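Novice: Below: one structure in structure tokens.
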Amino acid sequence: MAVEIAMLHDVEKCSACRGCSVACKQWKNLPADITPFDGEYQSHKDLSSKTYTLIRMKETMVNDKVRWDFLKFQCMHCGIAGCALGCPTKALKKEETGIVSHDKDLCIGCGYCEINCTFGVPHVDPETKKSTKCNLCEDRVAKYIENGNDRKYMPACAKTCTADAILFGTREEMVKIANERLEVLKAKYPDANLYNVNTDDSIKGGAMMYVLPYKPSVYGLPDEPQLAPSLGVWKNAVQPAGKVLIGAAVVAVAGAAIVNTITGGGKHGGDDHE
Amino acid sequence: MEVSRRTLLKTTAAGAGLSLAGFGFNIPSVKAAVNGFKLDDANEYTSICTFCACGCGMVGYVNKDGKMINLEGNSDHIVNEGGLCSKGASMSVIPNSDGRNLKPKYRAPKSDKWVEITWDEALDKITSKIKQVRDDNWIAQEVENGVTYNVNRCDAIGFVGGAQVHNEECYLIAKMTRMLGVSFLEHQARLCHSSTVPALTAAFGRGAMTNTWQDLKNAKAILIEGSNAAENHPMSAKWIMRAKAQGAVVIHVDPRYTRTSKLADIHAQIRPGTDIAFLGAIINYILETESYDKDYLLTHTNAALLVSPEYDFNDGLFAGYDEEKHAYNKKKWAYQLDGSGKPIVATLTHPDSVMMKMREFYKRYDLQTASNITGIPADDIKKIAEVMINNRPGTVMYALGMTQHTVGVQNIRSFTVMQFLLGNVGKPGSGINALRGEPNVQGSTDFAVLFNYFPGYLNTPNHRQQTLDEWTKDSGTFRRKFMVNLMKSWFGENATAENDFCYPLMPKINANKNYSIYRIFETALEKEMKFLYIMGQNPLVTSPNLNIVQAGLEKLEMLVVADPFETETSCFWQKREGVDPSTIDTEVILLPAASFLEKEGTLINSSRLVQWRYAGLKPVGEAKPDIEIIDLMFQKLREKYASSTEAKDQVFKLANWNYPADNRSDSVLREINGYNHKTGALLNGIGEIQADGSTSTGCWVYAGVYANGENQTLRDDYKTDPGELGIFPKFAWTWPGNIHILYNRASCDKNGKPYDEKNKLIWWDENAKKWTGYDIPDVPAATDGPNTANGQKPFRMSGEGLGRLFGGTYYDPDATSTLPRDVSYVTSDGPFPEFYEPVESPTKNILHENVASNPCLIYPRVKGFQEIGDKKDFPYVLCTSAVSEHWCSGTYTRNVPWLNELVKETFIEMPHKLAEKLGVKNGDKVKVNSARGEVVVKAMVTNRIHTLNINGEETTVVWMPYNWGFKGLSHAASTNLLTIDAGDPNTWIQETKACLVNVTKAGA
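Quick mapping for you: the protein sequence lines, in order, are chains A and B. Counting in the working numbering, the first sequence runs from 42 upward without gaps. Counting in the working numbering, the second sequence runs from 155 upward without gaps.
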């Protein structure tokens, strides 16, 4: 049996120190993307081909008191991953570890993953014309497992976390911790909830999970994540029969996608991050 | 240092030979595995982070070409367990940056450009200039009241910097400069935590953070006041969150709601500069409700000692005030003594007792008065007091929000009073955690890169202390021993009892003068300072009231800066608004310094953990470690003085200075540890130090760092933690003597039994007849039990051996000498902490209108540069500090693109109400001006600061980060153009946390 792993962002503990943002760029050798100062602490409005993870920072007034909510936003590594479902070349793939991996050699930069992602995570790099997103440091994860769950090899962001807010381990462990933390949080936060943890939601849980003190929408997450409408066909066709059918289904669209790319009909022409 | 001693350099591939099947895992096909893991062939070495003093462990990865390819947290480290904040995580950029200084550079008078020069040329120019300035400005003697004193001094040379360099480098800079006769020896600690040392010393006897980062997890209440710990000491969050996970209550008292407030259970917004009023109310509440720990007070503090009838406090002034001198006669604040000169011990209710004097003093601080002053609702103050009372042990975390005030010392003294009352010192999860803010600022303080100390917190000799005996009169026989050992380290065999151990050769500062860093630039402005050497410090960003710094630099004859990058200070002469190079005659030399990843040596974190950094990389270009630069400078000076027969130059012949070029750091660390000169062996600890000249130690608190002939800072056992308190006694080494939690004797009752068996730390073992426990007991002698005098000295570094609620004058008698054994430290502005308004205040002092600000303050010092602004012109209170993503002057961090994308430029945080009034939106440009300068920055309009009700009037606070200047990849206006350099009378630390400004909308 493969080991299923997961990352858990325990949002209440996050200090938004953003060590994770830098550790990600450092490990992935991603360039800085310096955007104009807009009067906010949040570094980037959204993920991009240069930024695979960011901390969303939202300031609100509740009952005359200020509240500052942080969330580490990145690829959710969904249980049923819309990006992989719709990927015509199988460049994106839900691995047995739970990671949604991306094979650049197979990627044709069609941009379907951008459309099909529930959370708007993947971005096609305008220069390389390849899709980009967090792969949960799958190279490190391989070492992590290989070395008996050695914390030295945790994904770069989880390892660097200063506040015990980003946890990493087997999915089983993370689910357990998430449920324990939920119980604690409920006493203080009536809306506390687990996000992307349970496998009975429409995206079947993921390898990137959260314990949230408030409703998901507070953090800019869909309260009830659904597979993208663009994947409606796939969802209906594929889900009931399970993963076995995914391959066949993908083959069926591959032709269309390739035609799309050749004719320049791909969504991304290279100017989406300028 | 031979790295192979610890097989530190190893490839990550080692251990990768383990079979996957061995774990029973079926590894999915991972592309990286096919292509080879990025780090498989890399060499690995450990270092320590170079930002705040959390002291996080790092691992650098270097490829076959000697290039750093990766850097991350050391997962086998007791402080960070693999974690790093944004700054630390970005440091692989530094050895690979295009911006590094690669060769020495020279700027000629009036020139507008650098010219590259060789190291030989640079060192020759520097040492020739030092010699000329020293020879031309030598002060052999000074006269005071008709008495002539030998002073051996040169006040025209200044050295600045130390918090960024290693202990060995700090030690050598102190040694070299004192040999040269330099008084103006200073560094960043003056500007950040100089108020900490006197405040904590006055109460505890030592000036350091009492507990450790890891120990925060043991607290049941954590009061974070004057600190943005989660942002500026990010790894503390790990330990705060662990305490919270066990149910601890976290309180954040700060002028803003910050990322630290987000982690707290309670946030109270306080007006900058009013902490004494807030803490005074907490203290008063504890006293009024009698919630104090009576047994602790009687056993461990001076609460029951009797105060001299001469002590008094009236209308804002203590007894002994001299209005003309702005100073007190501190003899008025004394104890009632018995026939042997010891304080009389009575009861907590004796009318003359410290306790009763304190109750009387604090009764003015009722909740409503404190609320009027601070802006915190009275109910919130009460709630916080109750949290601290009901959740013990509780700890305090503070940083520059407390220190950088004209009442900085007394701010911190207030913490000591509160914590004594609650019995919160010496126990796990208790204490006062001074969060030191630079990687080795504890070390640069220990090694006295500060004008007023010699290494090991020994008072710098002044002109009235011509002999060692005269020095001992003010410092005590206990510390005399350490001064003798220091002289033995500096002069070796040449220091003998007959020549007073070469003490007469040391420079004697003028006891009436202030040689702090502020005075360096002011003295330069007066054309009295000719030569200034700066390493790893950037005063043209980090000093207050920058216009005076710029003006001072322009008047120097020579400035030398050693730094990995060009700094604003090194480029002060470059053309920009208001600066014309053709009018500036200063010669400038910029030396390429190795970065922290390219050199070896030790540094000490805020919890006094001394750790070794390996040099896993060669310095870039021609860069050199500071230790090499200092050594080469001294050798050149020695050569230049070789033929001199003048008395002042004999130090160069007598100095003990000989370090192997291939092993300087290790060799210096051994000298610091010290030797037994009869046996030649390294000392094993402070207990082996002798007074007769038969031993030496370069910094007595470090004696034992090389115990058993082994470099203890290399120890890396991150697993052994008896008691599971986070002590890890075999991981690196802490001073003194590997004690981790200071004053831990106070965790036990009179009989040596832990107050709390479940939270025990050390105890008296009656069977073994010794003190023992999970930590090294902080007692004078491990075998002196509770029934001896030594067994009742929980605060053994104060004269009384007790915790000092009342910080009065006390000379502890020495039974074997006419000289005192030890002398308690007394602050200059009062034995109890009294509230005074900041120099620039938006309101009157409602406690005593006629004594509004600190009565011992002397300001302005320089006419024309130090204007004091008034509320009618400058209606808003400005508080300044740092952002998490940039550090100090930003010399490193503003050269890291990954950090510049997180926080792009400087800005001003303001409440919505002010923004609406000014017609300003988020991101708009605003002009901010004070009585000293003005800047244009962008606005951040936020709910995280709200307007306060102060003494019935609406008061607005704004905030700005100070991390920017005109160099680096991200450059912007320096906030310190606005700030005030009025200083605390104890240490002159500036009031950068509270000044007055005006804010207006700027044109497009």
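Every residue, glycine too, gets a C-beta built ideally from N, C-alpha and C. Since this is a predicted model, take the numbers as computed values, not measurements.
Taking C-alpha atoms, which residue in B:A1148, B:W1142 and B:N1103 lies nearest to W1113 of chain B?
Specialist: Per the Cα distances, B:A1148.
Novice: What is the DSSP secondary structure of M117 of chain A, reduced to helix, strand or coil?
Specialist: M117 of chain A: coil per DSSP, three-state reduction.
Novice: Taking a cut of 8 Å between CB atoms, which residues from the segment 1024-1047 of chain B lie near chain A?
Specialist: Answer in chain order: S1038 and E1039.
Novice: For C124 of chain A and N220 of chain A, what's the separation of their Cα atoms in angstroms?
Specialist: Distance between the alpha carbons of C124 of chain A and N220 of chain A is about 28 Å.
Novice: If you reduce the DSSP assignment to three classes, tell me which class M250 of chain A lands in.
Specialist: Note: M250 of chain A maps to strand in three-state DSSP.
Novice: Contact between the segment 154-173 of chain A and the segment 97-112 of chain A: three or more CB pairs below 8 Å?
Specialist: Not touching, per the Cβ criterion.
Novice: Tell me the rounded alpha-carbon separation between G237 of chain B and E776 of chain B.
Specialist: Their Cα atoms are separated by approximately 32 Å.
Novice: Under 7 Å Cβ-Cβ, which residues of chain A neighbour C239 of chain B?
Specialist: Chain A residues near C239 of chain B: C58, G60 and T203.
Novice: List in chain order: all unbroken alpha helix (DSSP H) runs of 4+ residues lying wholly within the segment 1023-1092 of chain B.
Specialist: You should have 1051-1054 and 1066-1072.
Novice: Suppose only complete runs of 4+ residues qualify. What are the alpha helix (DSSP H) ranges in the segment 663-695 of chain B, listed by chain order?
Specialist: As far as the segment 663-695 of chain B is concerned, its whole alpha helix (DSSP H) runs of at least 4 residues are 671-679.
Novice: What residues are listed by DSSP as bridge partners for F806 of chain B?
Specialist: Bridge partners of F806 of chain B: none, in fact.
Novice: Do we get a CB-CB distance below 8 Å when we pair N117 of chain B with the residues of chain A?
Specialist: Residue 117 of chain B falls outside the range modelled here, since chain B spans only 155 to 1158, and no answer is possible.
Novice: Would you mind working out which of A:R192, A:K54, A:T76 and A:V52 sits nearest P1051 of chain B, comparing C-alpha positions?
Specialist: Comparing Cα-Cα distances from P1051 of chain B to each of A:R192, A:K54, A:T76 and A:V52, the minimum goes to A:T76.
Novice: If I measure Cβ to Cβ from G60 of chain A and keep anything under 7 Å in the same chain, skipping five residues before and after, which residues do I get?
Specialist: If we look at G60 of chain A and ignore the five residues flanking it on each side, its Cβ neighbours are T201, C202 and T203.
Novice: Quick one: is Q522 of chain B buried, meaning 16 or more other Cβ sit within 10 Å of its Cβ, or exposed?
Specialist: Q522 of chain B should be labelled exposed.
Novice: Please tell me whether L417 of chain B has its Cβ less than 8 Å away from any Cβ of chain A.
Specialist: Chain A contact via Cβ: present.
Novice: Can you tell me where the beta strand (DSSP E) holding Q423 of chain B begins and where it ends?
Specialist: Counting along the chain, the beta strand (DSSP E) containing Q423 of chain B begins and ends at I420 to Q423.
Novice: Within a Cβ cutoff of 8 Å, which residues of the same chain sit near I843 of chain B, ignoring the five residues on either side of it in sequence?
Specialist: These residues qualify, in order along the chain: K635, F636, N639, G828, L837, T849, T851, W854 and A857.
Novice: Along the alpha helix (DSSP H) that carries F632 of chain B, what are the first and last residues, could you check?
Specialist: Unbroken alpha helix (DSSP H) run through F632 of chain B: T631 to F645.
Novice: For V103 of chain A, go through chain B and note every residue whose CB falls closer than 8 Å to its CB, in chain order.
Specialist: Going along chain B, no residue has its Cβ under 8 Å from V103 of chain A, so there is no contact; the nearest lies around 10 Å.
Novice: Helix, strand or coil for N277 of chain A per DSSP?
Specialist: Because the pLDDT of N277 of chain A is 48, which lies under 50, any placement of that residue in the model is unreliable, and the question is left without a value.
Novice: I'd like to know whether the C-beta of G152 of chain A is nearer than 8 Å to at least one C-beta of chain B.
Specialist: Answer no: the Cβ-Cβ gap between G152 of chain A and chain B never drops below 8 Å.
Novice: Write down every uninterrupted run of the beta strand (DSSP E) in the segment 551-628 of chain B whose length is 3 residues or greater and which is fully enclosed by it, in chain order.
Specialist: List check, beta strand (DSSP E) in window: 586-588.
Novice: Measure from the C-beta of K923 of chain B to each C-beta in chain E and report whether the shortest distance is under 8 Å.
Specialist: The structure shown contains no chain E; the protein chains it does contain are A and B.
Novice: Below 8 Å, how does it come out for the segment 739-751 of chain B and the segment 244-253 of chain B: are there three or more Cβ pairs, yes or no?
Specialist: Enough Cβ pairs lie closer than 8 Å, so yes.
Novice: Is P967 of chain B helix, strand or coil by DSSP?
Specialist: Strand at P967 of chain B.
Novice: If we count the other Cβ atoms within 10 Å of its Cβ and call it buried at 16 or more, is V216 of chain B buried or exposed?
Specialist: With 16 or more other Cβ atoms within 10 Å, it is buried.
Novice: With distances taken between CB atoms, is the gap from G1119 of chain B to S1043 of chain B smaller than 8 Å?
Specialist: Yes, the Cβ-Cβ distance between G1119 of chain B and S1043 of chain B is below 8 Å.
Novice: How would you call V1074 of chain B, buried or exposed, if buried means at least 16 neighbouring beta carbons within 10 angstroms?
Specialist: Buried is the call here.
Novice: Using a Cβ-Cβ cutoff of less than 7 Å, which residues in the same chain neighbour P388 of chain B once the five nearest sequence positions on both sides are dropped?
Specialist: Hits under 7 Å: C239 and S1038.
Novice: Where does G190 of chain B land, buried or exposed, given buried means 16+ other C-beta within 10 angstroms?
Specialist: When all chains shown are included, G190 of chain B counts as exposed.
Novice: Whole alpha helix (DSSP H) runs in the segment 337-370 of chain B with 4 or more residues, listed along the chain?
Specialist: The segment 337-370 of chain B contains these whole alpha helix (DSSP H) runs: 343-346 and 350-358.
Novice: Return the bridge partner residues of V165 of chain A from the DSSP annotation.
Specialist: According to DSSP, which records beta bridges pairwise, V165 of chain A is partnered with A:S172.
Novice: Answer with yes or no whether the minimum CB distance from K276 of chain A to chain B is below 8 Å.
Specialist: Residue confidence for K276 of chain A is low, a pLDDT of 47 falling below 50, so the modelled location carries little weight; the figure read from the coordinates is stated next. No, because no Cβ of chain B sits closer than 8 Å to the Cβ of K276 of chain A.
Novice: Keeping to the same chain, check which residues put their C-beta closer than 6 Å to that of N1076 of chain B; ignore five residues upstream and five downstream.
Specialist: Once the five neighbours on either side are set aside, the close Cβ partners of N1076 of chain B are V1095.
Novice: Tell me the DSSP secondary structure of G176 of chain B in three-state form.
Specialist: Low local confidence applies: a pLDDT of 34 at G176 of chain B is under 50, so the model's placement there is unreliable, and no value is given.
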